[in-house]
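Quick note: to get the working numbering, add 335 to the position in the sequence shown (first position is 1). The structure appears right after this line, and notes come after that.
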Amino acid sequence: MKIALLGTRGVPASYSGFETCVEQLGQRLVERGHEVTVYCRSHHIAYEGDYYKGMRLIKLPTVANKYLDTIIHSFISSLHAITQRYDVGLYFIAGNSPVTWMLRIFGTKTILNVDGLDWKREKWPTLAKKYIQFAEFLATKLPSIYLTDSRVVQSYYRDRFNNEPPYIPYGSEIEILPSGETLTSFGLKPQNYILFVGRLVPENCAHHLIDAFRDLDTDLKCVIVGDAAYAQDYIASLKARAAGDDRIVFTGYVFGRGYYELGSNAYIFVETSGVGGTHPALTEAMAFGNCVVVHNTPENLETIGKAGFAYAGQIGSDSLREVLRDLLYNPLVVQTYKRLAQVRSQECYSWETVTDAYERLFYQLLKYPLPDRL
């Protein structure tokens with residue numbers, strides 16, 4: 336099949352979960368004999384090659400603006416894709432639903448992964464929230480089919496639109512690495528820090544962890560991995576909260592082997608995000624074998640099952656502090672839940688089984704016979 340992946344910043348992955356999904360899914364589809372093209376935003380992707388891990392890269396411009404970046408690039412990418420006669424066009428993010436008809440009317444089967452309920456994010460003003468909610472409705476109408484990586488989001492579409500999308504989970508593919516240059520550069524020791532990974536925006540609630548950690552009597556460090564392009568005021572507030580506590584370490588963005596090293600050697604991983612679907616950093620933390628603690632959103636609870644701990648997000652840091660304090664006093668519990676998290680990751684969040692599910696959906700949409708391996 337000729338497959339186009341559209342609607343993200345592109346690969347190599349260097350920003351968020353959907354870019355990681357494109358990279359992991361795309362390279363596996365190539366290995367299975369398909370032609371895969373990834374549409375990339377030229378101002379974001381510094382990689383100079385035309386192919387990456389077997390995927391063809393089409394780099395196109397857009398307007399580098401918080402509100403217009405995604406939809407304009409998806410529109411331009413769709414115009415280009417019309418000329419390529421793809422069998423399947425897989426788009427990401429509900430906000431891209433208005434352009435998913437473009438390839439469809441020229442015979443390409445279009446699929447949209449709607450992700451989480453993005454309108455809940457504080458970064459969006461009222462008009463943008465209304466647009467995203469309208470785009471959710473269009474997701475049920477304009478592409479050939481839409482899907483989600485969260486059972487909670489699946490239920491939302493069923494309840495709101497009387498329309499249930501297929502569910503394909505997010506995967507976790509990591510490399511477990513020993514302590515090395517990355518830990519040394521940040522003054523860290525293996526199994527001696529609590530880890531957060533994510534965009535530093537208000538709805539991801541990293542302040543819950545910083546405020547909780549400051550009042551813990553521990554020699555562990557607290558490592559905050561991430562950044563954000565449009566949230567400098569919030570990031571400044573996080574650093575102000577951490578001022579005077581040299582146990583709290585801000586690393587900025589860390590990708591590739593450096594990220595794997597940080598994840599491989601953490602003692603506890605905390606997912607504080609209060610919105611979104613399945614968080615890639617969380618599934619990857621479980622794959623690393625971290626003991627995980629999550630903000631008690633339905634999506635996060637769905638992800639961890641019985642293999643982690645939750646705190647009351649509406650209470651915030653006070654609730655998180657109690658959970659962390661209990662774990663720090665009970666190292667055997669931490670070790671038990673490290674193993675449970677890793678087992679759940681292996682059983683539920685494998686990129687190979689995720690790719691099987693996507694590939695099966697492609698064949699079914701095209702009404703092609705399934706290969707024996709599926």
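For each residue, glycine too, the CB sits at the ideal point set by N, CA and C.
Residue i at chain D interface by Cβ criterion, 8 Å
| i | result |
| --- | --- |
| valine 371 | Here chain D cannot be found, since the structure has a single protein chain. |
C-alpha gap between residue i and residue j, whole angstroms
| i | j | result |
| --- | --- | --- |
| valine 560 | valine 605 | 11 Å |
| valine 558 | asparagine 527 | 10 Å |
| glutamine 362 | proline 504 | 17 Å |
| tyrosine 672 | leucine 544 | 20 Å |
| glutamate 687 | aspartate 550 | 42 Å |
| alanine 622 | proline 525 | 17 Å |
| leucine 662 | leucine 655 | 11 Å |
| aspartate 562 | glycine 587 | 5 Å |
| glycine 640 | serine 599 | 21 Å |
| isoleucine 467 | tyrosine 402 | 11 Å |
| serine 409 | alanine 601 | 37 Å |
| leucine 705 | leucine 696 | 10 Å |
| arginine 367 | lysine 465 | 40 Å |
| lysine 357 | leucine 364 | For the record, residue 357 in the displayed sequence is valine; it is not lysine. Between valine 357 and leucine 364, the C-alpha separation is close to 10 Å. |
| phenylalanine 644 | histidine 614 | 15 Å |
| leucine 667 | phenylalanine 521 | 27 Å |
| phenylalanine 496 | asparagine 448 | 16 Å |
Per-residue DSSP class, three states only, for residue i
| i | result |
| --- | --- |
| lysine 444 | strand |
| leucine 452 | coil |
| alanine 339 | strand |
| cysteine 540 | coil |
| glutamate 606 | strand |
| alanine 645 | strand |
| glutamate 709 | Per the sequence presented here, residue 709 reads as leucine, with glutamate not at that position. Of the three classes helix, strand and coil, the one that applies to leucine 709 here is coil, per DSSP. |
| tyrosine 421 | coil |
| glycine 640 | coil |
| histidine 369 | coil |
| lysine 702 | coil |
| threonine 517 | helix |
| lysine 388 | coil |
| leucine 530 | strand |
| isoleucine 559 | strand |
| threonine 586 | strand |
| tyrosine 502 | strand |
| tyrosine 684 | coil |
| tyrosine 426 | strand |
Spatially closest choice to residue i from the options, by CA coordinates
| i | options | result |
| --- | --- | --- |
| asparagine 431 | Asp385, Gly442 and Tyr481 | Tyr481 |
| alanine 463 | Leu512, Leu414, Arg495 and Ile406 | Ile406 |
| alanine 676 | Gln419, Leu696, Gly424 and Ile603 | Ile603 |
| arginine 420 | Pro537, Met336, Arg576 and Gly389 | Met336 |
| glutamate 657 | Glu471, Thr553, Ser349 and Ala547 | Ala547 |
| cysteine 540 | Glu694, Leu617, Leu573 and Val487 | Leu573 |
| valine 488 | Gly389, Pro500 and Met390 | Pro500 |
| phenylalanine 472 | Lys455, Ala429, Arg456 and Ala642 | Ala429 |
| threonine 517 | Gly591, Leu425 and Thr372 | Gly591 |
| valine 689 | Asp581, Leu341 and Gln359 | Gln359 |
Identity of the residues DSSP links to residue i by a beta bridge
| i | result |
| --- | --- |
| isoleucine 480 | Ile446 |
| arginine 376 | Leu395 |
| cysteine 626 | Ile603 |
| phenylalanine 353 | The partner list for phenylalanine 353 (beta bridge, DSSP) is empty, contrary to what the question assumes. |
**Message:** Check whether the stretch 510-522 and the stretch 586-596 touch, using three or more Cβ-Cβ pairs below 8 Å as the test.
**Reply:** yes
**Request:** Taking 8 Å as the threshold, find out whether the stretch 339-352 comes into contact with the stretch 364-383 through three or more Cβ pairs.
**Result:** yes
**Message:** With three or more beta-carbon pairs closer than 8 Å as the criterion, would you say the stretch 412-419 touches the stretch 434-452?
**Reply:** yes
**Message:** Contact between the stretch 606-619 and the stretch 562-580 is defined here as three or more beta-carbon pairs at a separation below 8 Å; is this criterion met?
**Reply:** Touching, no, given that fewer than three Cβ pairs across the two stretches are closer than 8 Å.
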